[in-house]
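Colleague: Quick one: the structure is below, and I'll ask about it shortly.
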Amino acid sequence: MIGKPKTLREFMQAQQAAAERKQKRKFKKREFEAIAKASKTNRNGPRTNVLPKIGSVLPRKTLVARLDAIFSLFVRKRGKERTGGTCELCGKRPIEVCFHWVSRGDFATRWDPSNAVGSCKGCNFEETFRKRKYRDMHIDLIGLDAREALEAKARTITHFTDADLRERIEFFKAELGKSI
Ligand SMILES: [Zn+2]
1 MIGKPKTLRE FMQAQQAAAE RKQKRKFKKR EFEAIAKASK TNRNGPRTNV
51 LPKIGSVLPR KTLVARLDAI FSLFVRKRGK ERTGGTCELC GKRPIEVCFH
101 WVSRGDFATR WDPSNAVGSC KGCNFEETFR KRKYRDMHID LIGLDAREAL
151 EAKARTITHF TDADLRERIE FFKAELGKSI
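Put into C-alpha cells, the structure is as follows:
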C-alpha cells in the first residue's frame, strides 16, 4: 500500500502489515543469534564457517555498516590523539561518537576524514537542530572556501562499488592498526 491510509480498512491493513514486518525482523534476529552462538560453540571443534567474513560475498548493507563502524573508530581514535580524549567541539565532555560536519546522509563525504571529528553525544545531538551554529563553527575552523568545497563534494552523486567499500574498510583498518 502506498501513501497514507484513508479508510479504517486501509488503516487496519497497514497495522497488520507493520506487525508482520516486525515479526519477520524478530525472526531474522533470532536466526542470526543462533548462527552466532553455533559458531562460538564450534570454536574448539570442527569449525563451521557460518558467519560471513570480509572478502567473501557480503551483503552491501553489511559492508556499509562495517565501513561506518571502522570509520567511526578511526575518527574517535584520531580525536583522542588530538585532544587527549575530550570532545573536539566543546572540549568539555569525553569523545563518544563520530560527528559529521556535513550530514552522513550524503554518501560522497560520509567516509571522508576531513568531514568528521570525535565528539561527545551532546554536541552530536545539538547539531541536529542547530545546523547553523555548527556550520559557522566549521567555517571558523577551515574557512568558507573549504566548507563550500566540502558541501559541493557532498552533493555529488558518488557510486561506491562493493570493491570500493572493501578497499576503504581495509584502508581504515590499516590506519587503526598503526598504533593499536
Ligand atoms: Zn561536545
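In this note's numbering, the protein residues as written are 1 to 180. Don't be surprised by glycine CBs; every beta carbon is placed ideally from N, CA and C.
(1) How far does the alpha helix (DSSP H) with A149 in it extend, from its first residue to its last?
(2) When you get a sec, list the residues whose CB is within less than 7 Å of any heavy atom of ligand 1, chain order please.
(3) Taking W101 as the reference, give the member of P94, L141, L63, L73 with the closest Cα.
(4) Assign D106 to one of two classes, buried (16 or more other C-beta atoms within 10 Å of its C-beta) or exposed (fewer than that).
(5) From the DSSP output, which residues share a beta bridge with V97?
(6) Taking contact to mean 3 or more Cβ pairs, one atom from each stretch, closer than 8 Å, check whether the stretch 111-128 and the stretch 78-85 are in contact.
(7) Does the separation of the CB atoms of C123 and L89 fall below 8 Å?
(8) Could you check what DSSP says for T109 in three-state terms: helix, strand or coil?
(9) Do T109 and A154 have their C-beta atoms closer together than 8 Å?
(10) When you compare each of V75, S114, F129, P113 to I95 by their alpha carbons, which one comes out closest?
(11) Determine the direct distance from the alpha carbon of K24 to that of R30, and round the result to whole angstroms.
Modeller: Taking the definition as stated:
(1) 144-155
(2) C87, L89, C90, K92, R93, S119, C120, G122, C123
(3) W101 has its Cα closest to that of L141, out of P94, L141, L63, L73.
(4) Its Cβ being crowded by 16 or more others within 10 Å, D106 is buried.
(5) S119
(6) Yes: at least three Cβ pairs fall under 8 Å.
(7) A contact, by the Cβ cut-off of 8 Å.
(8) It is helical.
(9) Judged by beta-carbon spacing, A154 lies within the 8 Å limit of T109, meaning their Cβ atoms are closer than that value.
(10) Among V75, S114, F129, P113, the Cα nearest to that of I95 is on V75.
(11) 10 Å
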